[in-house]
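Visitor: Starting off with a structure, shown below.
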Amino acid sequence: MPRKTKRKNESITEKTLEHLINIKTPNLIKIAFIGFALLLSYIPLSSAVASDPANTNLIANPGFETGTTTPVNWSFVTHNWNTPVWDSTTAHSGAESVKISISGTSNAISGDVWSDFIPSTNGVTYTFSAWGKSQAAGGANNPAVHVAEFDINHTWLRQTNLYFPKGNADWNQLNTTFTTGADTAYIGVYANIWNGYGTFWVDDVSLSQTSASTPTPAPTAIPAPTATPDPTPAPTVTLSPPTPTLTATPDPTPAPTATPDATPTTAPALAPAPTSGSGPTYYVDTNGNDGNSGSSSSPWRTIQHAADTVSAGATVYVMGGTYNEKVTIKNSGSSGNYITFAAYPGQTVTIDGTGISLNYDGLIRMDGVSYIKISGFIVVHSSFMGIMISGGASNIIVQNNSISDTSSSALLAQDASYITYDGNEVTNAQTMKGLGGQSNENVNMIRTNNFEIKNNHIYNNPNFESIDVKEGSSYGSIHGNDISGVHSAGIYVDAQGKNSANIDIYQNRVHDSSESGARGIVIGVEVQGSARHMNIYDNIVYNLGAIGIAPGTSYSAGPVDDVTVSNNVVYHNGLVDSWGGGIIVEYSGATNIRVRNNIVSQNGYNQMVNNAGGNAAITNNLIDGSGGITGSSYVTGSPQFVNPSGGDFHIQSGSPAIDKGTSTDAPAVDFDGNARPKGAGYDIGAYEY
Numbered sequence: 007m008p009r010k011t012k013r014k015n016e017s018i019t020e021k022t023l024e025h026l027i028n029i030k031t032p033n034l035i036k037i038a039f040i041g042f043a044l045l046l047s048y049i050p051l052s053s054a055v056a057s058d059p060a061n062t063n064l065i066a067n068p069g070f071e072t073g074t075t076t077p078v079n080w081s082f083v084t085h086n087w088n089t090p091v092w093d094s095t096t097a098h099s100g101a102e103s104v105k106i107s108i109s110g111t112s113n114a115i116s117g118d119v120w121s122d123f124i125p126s127t128n129g130v131t132y133t134f135s136a137w138g139k140s141q142a143a144g145g146a147n148n149p150a151v152h153v154a155e156f157d158i159n160h161t162w163l164r165q166t167n168l169y170f171p172k173g174n175a176d177w178n179q180l181n182t183t184f185t186t187g188a189d190t191a192y193i194g195v196y197a198n199i200w201n202g203y204g205t206f207w208v209d210d211v212s213l214s215q216t217s218a219s220t221p222t223p224a225p226t227a228i229p230a231p232t233a234t235p236d237p238t239p240a241p242t243v244t245l246s247p248p249t250p251t252l253t254a255t256p257d258p259t260p261a262p263t264a265t266p267d268a269t270p271t272t273a274p275a276l277a278p279a280p281t282s283g284s285g286p287t288y289y290v291d292t293n294g295n296d297g298n299s300g301s302s303s304s305p306w307r308t309i310q311h312a313a314d315t316v317s318a319g320a321t322v323y324v325m326g327g328t329y330n331e332k333v334t335i336k337n338s339g340s341s342g343n344y345i346t347f348a349a350y351p352g353q354t355v356t357i358d359g360t361g362i363s364l365n366y367d368g369l370i371r372m373d374g375v376s377y378i379k380i381s382g383f384i385v386v387h388s389s390f391m392g393i394m395i396s397g398g399a400s401n402i403i404v405q406n407n408s409i410s411d412t413s414s415s416a417l418l419a420q421d422a423s424y425i426t427y428d429g430n431e432v433t434n435a436q437t438m439k440g441l442g443g444q445s446n447e448n449v450n451m452i453r454t455n456n457f458e459i460k461n462n463h464i465y466n467n468p469n470f471e472s473i474d475v476k477e478g479s480s481y482g483s484i485h486g487n488d489i490s491g492v493h494s495a496g497i498y499v500d501a502q503g504k505n506s507a508n509i510d511i512y513q514n515r516v517h518d519s520s521e522s523g524a525r526g527i528v529i530g531v532e533v534q535g536s537a538r539h540m541n542i543y544d545n546i547v548y549n550l551g552a553i554g555i556a557p558g559t560s561y562s563a564g565p566v567d568d569v570t571v572s573n574n575v576v577y578h579n580g581l582v583d584s585w586g587g588g589i590i591v592e593y594s595g596a597t598n599i600r601v602r603n604n605i606v607s608q609n610g611y612n613q614m615v616n617n618a619g620g621n622a623a624i625t626n627n628l629i630d631g632s633g634g635i636t637g638s639s640y641v642t643g644s645p646q647f648v649n650p651s652g653g654d655f656h657i658q659s660g661s662p663a664i665d666k667g668t669s670t671d672a673p674a675v676d677f678d679g680n681a682r683p684k685g686a687g688y689d690i691g692a693y694e695y
């Protein structure tokens with residue numbers, strides 16, 4: 007059946023969105039960004055106005071049957087160079103479907119297919135369904151179709167999910183109902199594979215009201231950004247667009263291993279970010295002039311001029327293009343009135359340090375300022391650091407940026423407080439080009455308190471530790487990060503001459519490095535000082551050259567005390583070093599170490615080692631492999647992971663880990679955010695069955 011031609015240019019231009027999609031930005035932020043373009047353009051209404059929304063599918067072109075190169079009323083969005091395909095080889099009905107595919111057996115993130123946004127309101131109950139087909143689907147999460155809710159500013163609020171089976175499954179329909187929240191103004195449907203692999207087809211998507219009492223307006227199209235390769239100039243509009251809310255947005259809710267019944271699910275909220283200010287909005291454009299007013303029709307030329315000019319509550323949008331400049335932010339926001347510097351929604355903004363000489367400085371620098379947000383930039387070719395925070399700076403949020411090719415650290419905060427790194431991509435940092443020796447690590451907190459390092463993708467950095475929290479940094483959390491290609495330690499807490507305390511490390515993945523000395527999560531005290539009150543739980547550490555988790559390194563020179571290592575998966579480490587293995591308490595001077603409810607499986611040389619003697623309580627672990635100690639109340643045997651080679655460490659129904667853990671030191675939720683316990687007892691490992 008030939009594809010029918012209705013209209014052209016319905017897909018979102020890949021080049022325009024390449025940056026937003028290639029960094030580890032939650033996909034929902036992308037759609038929120040796209041939504042802001044609606045404020046600047048005339049938006050045509052769909053011709054299919056529903057006369058009775060209770061009996062009418064509100065999704066336009068629900069079976070993907072019409073279009074040219076892509077189906078009309080739908081947008082294909084690339085993520086990590088992966089794009090959905092309009093497929094005529096299989097369909098539930100008609101001739102067309104959308105195919106989403108990730109090759110191989112390693113967890114990855116696919117591109118998305120998004121429907122046009124549909125205006126809605128609060129308290130409307132919908133019935134949502136879709137047909138899906140799976141082929142060799144696997145990994146951490148199931149393929150899924152979601153319906154997301156947005157507020158009037160197109161800020162993501164919540165979503166409801168339909169999770170389709172892993173493995174091979176023919177066409178089947180899932181459906182559910184949900185009621186919109188009090189602040190819902192738009193809804194949109196999208197499908198993807200998030201942190202999985204295989205092939206998934208979607209077809210015949212349906213969304214209808216369960217009652218016709220509240221009419222729903224017809225869908226509005228998401229306009230495609232311009233395809234011109236030149237930097238897009240600031241739009242000329244008669245009304246100034248309202249300042250969008252640039253809040254941190256959760257990733258799509260991961261699916262559990264077993265395919266659940268289709269029930270509404272709210273995506274887990276990230277730790278709240280302070281609210282952006284409500285002050286004026288300014289614009290920077292490569293075709294602007296610093297003598298201009300900074301309005302959308304009269305933008306400034308340099309980011310530095312904007313930084314010198316704006317005050318508390320302002321938002322600075324930087325339009326697409328490359329800016330060869332160092333940016334020093336000198337003005338502060340205030341509580342509830344952050345100064346926000348952001349790449350304009352849907353545009354690629356690169357801050358390029360080529361030819362700029364730095365000396366212990368960052369290409370973006372914040373010294374002694376407070377209440378600043380930096381969002382959505384590509385930062386490259388710094389001769390020292392990428393983004394640096396120092397001098398007593400506080401309440402700084404660095405989110406959804408991509409930092410690469412830096413001679414020293416990509417992200418560094420020292421002598422600061424209330425610092426958040428959220429959703430950033432860091433790769434090829436610490437190249438050491440032009441440096442005489444080591445200067446810190448890839449991502450640093452130095453003498454910094456009240457910090458959060460979350461949801462970052464840190465990979466293939468050639469030197470030193472991936473995340474290093476050191477020199478007395480305390481009262482922080484490190485969670486939701488994906489760290490691979492580790493050169494030294496993936497996550498390292500090192501008191502290093504001072505006293506570090508109260509740091510939680512959870513729900514991270516550290517994996518895949520065959521280098522000698524590559525370790526996952528490490529607590530240590532170099533030189534002197536102390537490291538106390540550390541919690542390491544719900545992490546997955548696998549395929550490393552040396553050690554999975556070390557709660558006390560052999561070269562510690564001060565107290566390592568009160569460290570809990572619980573409900574982690576430590577698999578196939580110690581690939582190179584004979585002193586390595588799974589969980590290794592190296593430091594004989596460590597005290598009050600508790601190692602409980604961990605799956606320690608198929609590690610080389612040693613599953614567990616305890617050099618702290620009676621100062622370490624090692625109980626209720628599952629041991630699968632030889633070498634080292636077992637502790638007490640342990641179980642043995644294969645944990646029966648779903649697919650360890652593909653990074654899926656959920657356990658299956660026959661696993662000896664089920665109900666064999668202890669409630670002592672068990673975290674309240676598992677890696678997926680499910681409450682513990684789910685059955686008669688606590689399970690061993692990062693996931694409850």
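When you read off a place in the sequence shown, starting at 1, and then add 6, the result is the number in my numbering.
Built from N, CA and C at the ideal position, the CB exists for glycine as well.
1. Which whole runs of the beta strand (DSSP E) in the region 402-454 are 3 residues long or more, in chain order?
2. Between the C-alpha atoms of T62 and Q215, what's the straight-line distance to the nearest angstrom?
3. Just to confirm, is the Cβ distance from G532 to G551 under 9 angstroms?
4. Taking 6 angstroms as the limit between beta carbons, can you name the residues of its chain near I489, skipping five residues before and five after?
5. Check the C-beta distance from S639 over to D630 and give it rounded, since I have them as a contact under 8 angstroms.
6. Between the region 666-673 and the region 167-174, are three or more C-beta pairs nearer than 8 angstroms?
7. Who are M540's beta bridge partners in DSSP?
8. Are the CB atoms of D500 and G530 nearer to each other than 9 angstroms?
9. Taking 7 angstroms as the limit between beta carbons, can you name the residues of its chain near G129, skipping five residues before and five after?
10. Which word fits P351, buried or exposed, when buried means at least 16 other C-beta atoms lie within 10 angstroms of its C-beta?
11. Let me check understanding here. Comparing Cα to Cα, which of P557, R602, P468 and N549 lies closest to V582?
12. Report all residues from its chain with a CB closer than 6 angstroms to the CB of G41; omit the five preceding and five following residues, and keep chain order.
13. Buried or exposed, going by whether 16 or more other CB atoms sit within 10 Å of the CB of P305?
14. Leaving aside the five residues before and after Y512 along the sequence, list all residues of the same chain whose C-beta is less than 6 angstroms from its C-beta, in chain order.
15. Of the choices L441, T111, G110 and T72, whose alpha-carbon is the least far from that of W92?
16. Taking the alpha carbon of L417 as the point to measure from, which residue in V385, D291 and G398 has its own alpha carbon closest?
17. Please look up how many angstroms separate the CB atoms of N462 and N487, rounded, as I've assumed it's under 8 angstroms.
18. Hey, is the region 612-622 in contact with the region 103-120, meaning 3+ C-beta pairs nearer than 8 angstroms?
19. Put Q179 into one of helix, strand or coil per three-state DSSP.
20. Just to confirm before moving on: does the CB-CB distance between T360 and H387 stay below 9 angstroms?
21. Following the continuous beta strand (DSSP E) through Q215, name the residue where it begins and the one where it ends.
22. A696 by DSSP, collapsed to three states: which one?
23. Taking Q502 as the reference, give the member of S536, Y203 and G633 with the closest Cα.
24. Among residues of its own chain, excluding the 5 on either side of G482, which ones have a beta-carbon nearer than 6 angstroms to its beta-carbon?
25. Spatial neighbours of H539 within its chain, please: C-beta separation below 7 angstroms, excluding the five flanking residues on both sides.
26. Using a 10 Å radius around the Cβ and a threshold of 16 neighbouring Cβ atoms, would you call K336 buried or exposed?
27. Drop a sphere of 10 angstroms on the beta-carbon of N365, count the other beta-carbons inside from all chains shown, and report buried for 16 or more, exposed for fewer.
28. Is L441 buried or exposed, if buried means 16 or more other CB atoms sit within 10 Å of its CB?
29. How should P90 be labelled, buried or exposed, when 16 other C-beta atoms within 10 angstroms of its C-beta is the threshold for buried?
30. Tell me which same chain residues have a C-beta within less than 6 angstroms of the C-beta of F383, skipping the five on either side of it?
31. So, S423 versus S400, is the Cβ gap smaller than 9 angstroms?
32. So who's on the other strand from K379, going by DSSP bridges?
33. To the nearest whole angstrom, what separates the beta carbons of V119 and F82, a pair I think is in contact under 8 angstroms?
34. For D367, count neighbouring Cβ atoms within 10 angstroms of its own Cβ and tell me buried if that reaches 16, exposed if not.
35. Skipping 5 residues on each side, what residues in its chain have a beta carbon closer than 8 angstroms to that of T111?
Guide: According to the structure shown:
1. Those beta strand (DSSP E) runs which fall completely within the region 402-454 and span 3+ residues are 408-412, 417-420, 423-428, 431-433 and 449-452.
2. Cα to Cα, the separation comes out at about 8 angstroms.
3. One detail in the question is off: residue 532 reads as Glu in this sequence, not Gly. No, Cβ-Cβ distance for E532 and G551 is not below 9 angstroms.
4. I464, S472, G496 and V516, listed in sequence order.
5. About 16 angstroms separates the beta carbon of S639 from that of D630, a gap too long to meet the 8 angstroms contact definition.
6. Cβ pair count under 8 angstroms is below three, so no.
7. Its beta-bridge partners are I509 and V569.
8. The answer is yes: Cβ separation under 9 angstroms.
9. For G129, where only same-chain residues beyond five positions count, the Cβ hits under 7 angstroms are T185 and T186.
10. Result: buried.
11. Taking only the C-alpha atoms, the option nearest V582 is N549.
12. Here the model assigns G41 a pLDDT of 36, short of 50, so the residue's position is not dependable and the matter cannot be decided.
13. With 16 or more Cβ atoms within 10 Å of its Cβ, P305 is classed as buried.
14. The answer, listed in chain order, is H485, Y543 and D544.
15. Between W92 and the set L441, T111, G110 and T72, the nearest pair of CA atoms involves T72.
16. Relative to the Cα of L417, the nearest Cα in the group V385, D291 and G398 belongs to V385.
17. Taking 8 angstroms as the upper bound for CB-CB distance, N462 and N487 are in contact here, some 5 angstroms apart.
18. Because the criterion of three Cβ pairs below 8 angstroms is not met, the region 612-622 and the region 103-120 do not touch.
19. It is a strand residue.
20. Contact flag set, yes.
21. For Q215, the uninterrupted beta strand (DSSP E) run begins and ends at W200 to Q215, by DSSP.
22. Because the chain spans 7 through 695 in this model, residue 696 falls outside it and cannot be assessed.
23. Sorting S536, Y203 and G633 by C-alpha distance to the C-alpha of Q502 places S536 at the top.
24. The answer, listed in chain order, is F457 and I509.
25. Closer than 7 angstroms at the Cβ level, and outside the excluded window around H539, lie A507, N508 and D568.
26. K336 should be labelled exposed.
27. It counts as exposed.
28. Exposed, since its Cβ has fewer than 16 Cβ neighbours within 10 Å.
29. By the neighbour-count rule (16 or more Cβ atoms within 10 Å), P90 is buried.
30. Excluding its 5 nearest sequence neighbours in each direction, F383 has C-beta neighbours in its own chain below 6 angstroms: A349, V355, I357 and N407, listed in chain order.
31. Against a cut-off of 9 angstroms, the Cβ pair of S400 and S423 comes out as a contact.
32. Its beta-bridge partners are T346 and I403.
33. Contact between V119 and F82 holds, since their C-beta atoms are separated by about 6 angstroms, short of 8 angstroms.
34. It counts as buried.
35. Apart from the 5 residues on each side of it in sequence, T111 sits with its Cβ closer than 8 angstroms to the Cβ of G144, G145, Y203, N649, S651 and G652 in its chain, given in chain order.
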